[in-house]
Amino acid sequence: GAVVSQHPSRVICKSGTSVKIECRSLDFQATTMFWYRQFPKQSLMLMATSNEGSKATYEQGVEKDKFLINHASLTLSTLTVTSAHPEDSSFYICSARPTSGGAWETQYFGPGTRLLVL
Amino acid sequence: QKEVEQDPGPLSVPEGAIVSLNCTYSNSAFQYFMWYRQYSRKGPELLMYTYSSGNKEDGRFTAQVDKSSKYISLFIRDSQPSDSATYLCAMSVVAGGTSYGKLTFGQGTILTVHP
């Protein structure tokens, strides 16, 4: 089956530092990847849509200069939380949509990255 | 008002019970409807998806969509302890036959099936 990995699975950092989260599609190519944020006992909120080779599209209210997204290849997208603050602490989940094969609406989710900013 | 409303529960049922999970939505443009299962501290796993109104069955799971009422349901028959998880409904808009892929999720319902 289609597998999406995320690294790291959890990270603790000091306020003001930057954190990079990787999302990889392991056995398929993904032209489009999505980044979500999930606060405790709340639903997933789409942050941005990442397209290989082009700029990401951010949802309203998401600061593109704070959450930098790079989709440099068909199997890798990265999310960098710049100058992280405690309010950025959350569960960040990526999903990847296969470039070919399967229904178009299929998205495979990664296991998530838990970020804690002290 | 949220675009998608889902009762967060928690819902606790005995093993073997029939579980009914529901979502309502306000955006009439939604045409693709999905149900995801999420175990604690894990990413969501797609269970079922349906297009427009109607029913779809897959093993012990049945998904129903009533677009006239803007209401979707997921039924789980013969529930098992391994079904214990958070169930999320999700929806997307289809435009020109191609979805933008953006999913709008419900809050999720926490389900516990006890032996």
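Taken in sequence, the protein lines are chains G and V.
Under this note's numbering, residues -3 to 114 are what the first sequence spells out, in order.
Under this note's numbering, residues 93 to 207 are what the second sequence spells out, in order.
Every residue, glycine too, gets a C-beta built ideally from N, C-alpha and C.
Values in this document were obtained by computation on a predicted structure and should not be read as measured data.
- Using a 10 angstroms sphere on the CB of tyrosine 32/G, the tally of other CB atoms reaches 16 or more, which defines it as buried.
- For the segment 38 to 83 of chain G, the continuous beta strand (DSSP E) assignments of 3+ residues that do not extend past its boundaries occur at 40 to 47, 63 to 69, 72 to 77, in sequence order.
- Looking at the DSSP output, glycine 200/V sits in no beta bridge, so it has no partner there.
- The shortest C-alpha to C-alpha distance from leucine 64/G to any of Thr71/G, Leu70/G, Ser79/G is the one to Ser79/G.
- For proline 94/G, no chain V residue has a Cβ inside 8 Å of its Cβ, as the nearest lies near 11 Å away.
- With respect to chain G, the C-beta atom of glutamine 199/V has a partner C-beta closer than 8 Å.
- Assignment of beta-bridge partners to threonine 178/V by DSSP yields Gln130/V, Ile202/V.
- Between the segment 140 to 156 of chain V and the segment 93 to 107 of chain V, the count of C-beta pairs closer than 8 Å stays below three; the two stretches do not touch.
- A residue is called buried when at least 16 other Cβ atoms come within 10 angstroms of its Cβ; leucine 114/G does not meet this threshold and is exposed.
- The secondary-structure analysis by DSSP pairs asparagine 147/V across a beta bridge with Gln156/V.
- For valine 96/V, the enclosing beta strand (DSSP E) begins and ends at 96 to 98.
- In the DSSP secondary-structure assignment, valine 185/V is bridged to Phe122/V.
- Nearest neighbour of serine 39/G by Cα position, chosen from Ser11/G, Ile89/G, Tyr104/G, Gln56/G, turns out to be Ile89/G.
- The beta carbon of threonine 102/G falls within 8 Å of a beta carbon belonging to chain V, placing the residue at that interface.
- By the CB criterion at 8 Å, serine 120/V and lysine 94/V fall outside the cutoff.
- Cβ-Cβ distances below 7 Å link lysine 194/V to Ser184 in the same chain, with the five nearest sequence neighbours on each side left out; the list follows chain order.
- Note that the C-beta distance between threonine 45/G and phenylalanine 30/G is below 8 Å.
- For threonine 109/G, the enclosing beta strand (DSSP E) covers residues 109 to 113.
- It is roughly 23 Å from the alpha-carbon of glutamine 130/V to the alpha-carbon of threonine 74/G.
- The alpha-carbon separation between arginine 169/V and isoleucine 8/G amounts to approximately 41 Å.
- The residue from Phe197/V, Tyr179/V, Gln123/V, Tyr117/V with its alpha-carbon nearest to that of glycine 146/V is Gln123/V.
- Proline 107/G reaches chain V at Arg133, Lys134, Gly135, counting residues in chain order whose Cβ is nearer than 9 Å.
- In this structure, serine 11/G lies near proline 82/G, with their beta-carbon atoms less than 8 Å apart.
- Within the same chain, and ignoring the five residues on either side of methionine 126/V in sequence, the residues whose Cβ sits closer than 6 Å to its Cβ are Tyr141, Ala182.
- Contact annotation for serine 39/G against chain V: Leu180, Phe197, Gly198, Gln199, Gly200 [CB-CB distance below 7 Å, chain order].
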